[in-house]
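Asks:
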Amino acid sequence: MGVQPVCLAPADELHLGETAIVTGWGTTSSGGDVSDVLLEVAVNVLTNDECTDAYSDYGFDIPDTMVCAADKGKDSCQGDSGGPMVLLDGGAWQEVRQHYLHFTYNSFRLPI
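All residue numbers for the sequence shown refer to my numbering, where the first residue is 1 and numbers rise by one.
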């Protein structure tokens, strides 16, 4: 498919429960080398309450200005910051947010 332009999603559209794609040339492990190829990972868009609960051990509250997306065993990594988080909406790709924060690799603890 290659690189294509995307639309910018309206700021008030959160797409909770949908699958988003995060892309980047970051590392695949802590302290590892950056990738030579563009990588992608599919993650679920969560409510900020779900995310705050999952990361309660860190004492971090997810503000309304952030969008939380994660899945078990899937994560972005160092070097991916500033990359897009996109999702398919009505047949068109939309950039939901730019990625800029992660905690630890594969650490997201979704409620069972």
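Cβ atoms here follow ideal geometry from the backbone N, Cα and C, with glycine treated the same way.
Counting only the same chain and skipping the five closest in sequence on each side, list residues whose C-beta sits under 7 Å from that of residue 97.
Replies: 67 and 85
Asks: Measuring CB to CB, does residue 54 end up less than 8 Å from residue 19?
Replies: no
Asks: If you check the beta carbons only, do residue 76 and residue 24 fall under 8 Å apart?
Replies: In this structure, residue 24 lies closer than 8 Å to residue 76 by Cβ.
Asks: Taking DSSP as the reference, what is the three-state secondary structure of residue 14?
Replies: coil
Asks: Taking only runs that begin and end inside the stretch 4-70, name each unbroken beta strand (DSSP E) of 3 or more residues, in chain order.
Replies: 19-24, 39-46 and 68-70
Asks: According to DSSP, is residue 74 part of a helix, a strand, or is it coil?
Replies: strand
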